[in-house]
Amino acid sequence: MFELTHHKVHDENRQGGVFAPLVSTHPFSTGEASVQKIFYIESYGCAMNFADSEVVASILQDKGFGVTQNLQEADLILLNTCSIREKAEVTVRKRLTEFRRLKKEKPGLLVGVLGCMAERLKAKFIDEENLVDLVVGPDAYRTLPGLIEEAETGQKGVNVLLSREETYGDIAPIRLNSNGVTAFVSIMRGCNNMCSFCVVPFTRGRERSRDADSIIKECKDLFVNGYREVTLLGQNVDSYYYLSPALSIDEDGAVTFANLLERVAKISPLLRVRFSTSHPKDITDDVLFTMKKYDNICKYIHLPVQSGSSRVLQLMNRTYTREWYINKVNRIREVLPGCGLSTDVITGFCSETEEDHQGTLSLMEYCEYDLAYMYYYSERPGTLAERRYEDDVPEVIKKRRLQEVIAIHRIQSLVSMQKEVGKTARVLIEGNSKKSEEYWAGRSDNNKVVVFPKADNKLYKGSYADVLITECTAGTLIGNLIK
Ligand code: SAM
Ligand code: SF4
Ligand code: F3S
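Here the numbering used here is used: the first residue of the sequence shown is 691, the next is one more, and so on.
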């Protein structure tokens, strides 16, 4: 559900864009008189990694570092990495090899690996590759300034300790590459779900929820600074649960995801609220009715299914069946008619048969997703699937099945765009259209990109416009402002 138009998407394995592996380089200046060191950061992986890079920027800025988007200017290069599929790791390794040349040209240049790949490979990274000076896991960013000092003395700086408490709740992220209108807000970290194909529980550790008050404060600050949309982020947002240490459950101190959504929605009717990702087993009626109650909570749910076969879902340890998932989709459509729906699908998981695959295709037909992020299975070391099951579907079959899933989705997403023609969309303007400065671009409530001519000069980035949709392409709705 993250519209990543501002970032260069960079993952061959990926066919969509929610937890879209992305690469971004960040222009930023601290404005401080005495900047000690200049760092350059590239982020790969999901929106949470991107949000983490903003936390890292804040931690470094506090110590007087400045950011550049020009690699040549940097004294410190940081790669915030992803391990979700093998290709994501291959891309980072290639990038590190490119930096080897830079290190030769510029003695003293430090290179650091952050994020999930740092966590997965730990100090092995340093021993094996001798390409990096720093290896810092997702829960250890507060120690980054000290580790950089260590690395400056020629030692390797490594900290990959995972934490049960760290949420960086008190750190105000520095908004990097921001359009000034939309922002990600992390509400939790880690994941307890142990889907058998997934490396995230190992790279990000146990699930923990961030202090609700700090989330509300961050959202309010964003609103005051002109932002008009927040996306609440977590691997499994519906299991958000925060109990203030000062209160007990009896004192009604517990905050669920539905409560949190409501509190964020109440900040202002002009602040749009989105969230991702919902695990089908955890999204509740409470959440659906809270969405219904507030016009500013966008009617769009990312509900990854992974497979349409109950047998495969069980092997994946997703804890729901095909029927259960379909009932959930029916419930969403009953409570929230017209709600946008997107998903993630994996083809060719261990032992997947042609019949299982047909189950995925028929489920896609049934659900008519607006958007889908589709991958073929990539075995990850250390996961339950790697230990328990054989990765026995040949790559050509995995890829052929992926193409079949993509083919269905292409048709469905075009139909879902065509259905909008003739309707009015409320659009939050995010900036100029990429193709023409004569057009505004933004997104509808149900997360579709809308462009329209700038007929009315009273509109601005961050304002809302009612647009009559007159035509569409596969990815964009085109319309005219309603006077
Ligand atoms: N927490 C979310 C969920 O439960 O769906 C997102 C997890 S992950 C960051 C994003 C997507 O990557 C997953 O939904 C899954 O489709 C895909 N993925 C994860 N592990 C994979 C693997 N080993 N091979 C291929 N795709 C994978
Ligand atoms: Fe991975 Fe499953 Fe957790 Fe999503 S819910 S991050 S797929 S283990
Ligand atoms: Fe995200 Fe990749 Fe880590 S998808 S949680 S950066 S493994």
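Where is the CB? At the ideal position from N, CA and C, for every residue including glycine.
All figures in this text were calculated on a predicted structure; none of them were measured in a lab.
Should residue i go down as buried or exposed, given a rule of 16 or more other Cβ atoms within 10 Å for buried?
i, result
"Val1139", "buried"
"Phe979", "exposed"
"Val914", "exposed"
"Gly1038", "buried"
"Ala1097", "exposed"
"Gly880", "buried"
"Asp975", "exposed"
"Met1054", "buried"
"Arg785", "buried"
"Gln845", "exposed"
"Asn926", "buried"
"Gly1132", "buried"
"Ser934", "exposed"
"Gly1112", "exposed"
"Glu1127", "exposed"
"Thr1160", "exposed"
"Gln762", "exposed"
"Asn770", "buried"
"Leu1092", "buried"
"Asn1170", "exposed"
"Pro1071", "exposed"
"Tyr1150", "exposed"
"Val780", "exposed"
"Glu795", "exposed"
"Asp1146", "exposed"
"Pro717", "No answer about Pro717 holds up, because its pLDDT of 39 lies below 50 and its placement is not dependable."
"Val1086", "exposed"
"His697", "Its pLDDT being 30, under 50, His697 is placed unreliably in this model, and the value from its coordinates should be taken loosely. That one is buried."
"Pro797", "exposed"
"Asp860", "exposed"
"Glu1174", "Absent from the structure is residue 1174, since the part of the chain shown begins at 691 and ends at 1173."
"Val713", "Low local confidence applies: a pLDDT of 41 at Val713 is under 50, so the model's placement there is unreliable, with the coordinate-based value given in what follows. Buried: at least 16 other Cβ atoms inside 10 Å."
"Asn882", "exposed"
"Glu1120", "buried"
"Glu732", "buried"
"Glu809", "buried"
"Pro1027", "exposed"
May I ask which residues mark the beginning and end of the beta strand (DSSP E) holding residue i?
i, result
"Val801", "Leu800 to Leu804"
"Asp1156", "Tyr1154 to Cys1162"
"Gly1121", "Thr1114 to Asn1122"
"Gly1030", "Gly1030 to Thr1037"
"Phe887", "No beta strand (DSSP E) contains Phe887, which DSSP labels as neither H nor E."
"Tyr932", "Tyr931 to Leu933"
"His1099", "Note, His1099: premise wrong, no beta strand (DSSP E); alpha helix (DSSP H) at Glu1085 to Gln1108."
"Ala1062", "Leu1061 to Tyr1066"
"Arg964", "Arg962 to Ser966"
How would you write the range of the alpha helix (DSSP H) that residue i sits in, first residue to last?
i, result
"Pro891", "Val890 to Arg894"
"Asn949", "Phe947 to Ala955"
"Ile906", "Ala902 to Val914"
"Val780", "Glu776 to Glu795"
"Tyr858", "First-last for Tyr858: undefined, no H or E at that position."
"Tyr1015", "Arg1012 to Val1025"
"Gly1049", "Glu1044 to Cys1057"
"Met981", "Asp975 to Lys983"
"Ala841", "Leu834 to Glu842"
"Arg1070", "Arg1070 -> no alpha helix (DSSP H), and no H or E assigned at all."
"Leu851", "Note, Leu851: premise wrong, no alpha helix (DSSP H); not H, not E."
"Arg1077", "Leu1074 to Arg1078"
"Gln1004", "Ser1000 to Leu1005"
Mind reading off the beta-carbon distance from residue i to residue j? Whole number of angstroms is fine, and I expect it under 8 Å.
i, j, result
"Leu1104", "Tyr1154", "With a Cβ gap of about 27 Å, Leu1104 and Tyr1154 do not count as contacting."
"Ser958", "Ile991", "Not really, about 22 Å apart at Cβ, beyond 8 Å."
"Met981", "Cys885", "Rounded, the Cβ-Cβ distance is 25 Å, inconsistent with contact."
"Ala902", "Tyr932", "5 Å"
"Val1035", "Gln996", "6 Å"
"Asp928", "Ser999", "About 23 Å; that fails the 8 Å criterion."
"Val963", "Val920", "6 Å"
Who pairs with residue i in a beta bridge, going by DSSP?
i, result
"Ile767", "Tyr730 and Val801"
"Pro1143", "Tyr1129"
"Gly756", "Ile728"
"Phe874", "Thr921"
"His992", "Ser1032"
"Val1168", "Residue identity check: residue 1168 is Ile in the sequence provided, not Val. Partner(s): Val1141 and Glu1161."
"Ala944", "Leu933"
"Arg879", "Arg898"
"Leu824", "Gly802 and Gly847"
"Ile987", "Val963"
Give me the pocket residues for the ligand SAM, defined as CB within less than 6 Å of any heavy atom, sorted by chain position. Any residue whose Cβ sits closer than 6 Å to a heavy atom of the ligand SAM makes the list: Phe709, Cys736, Ile774, Arg775, Phe887, Cys888, Val890, Gln925, Asn926, Thr967, His969, Pro994, Gln996, Asp1034, Ile1036, Tyr1065, Tyr1067, Ser1068 and Arg1070.
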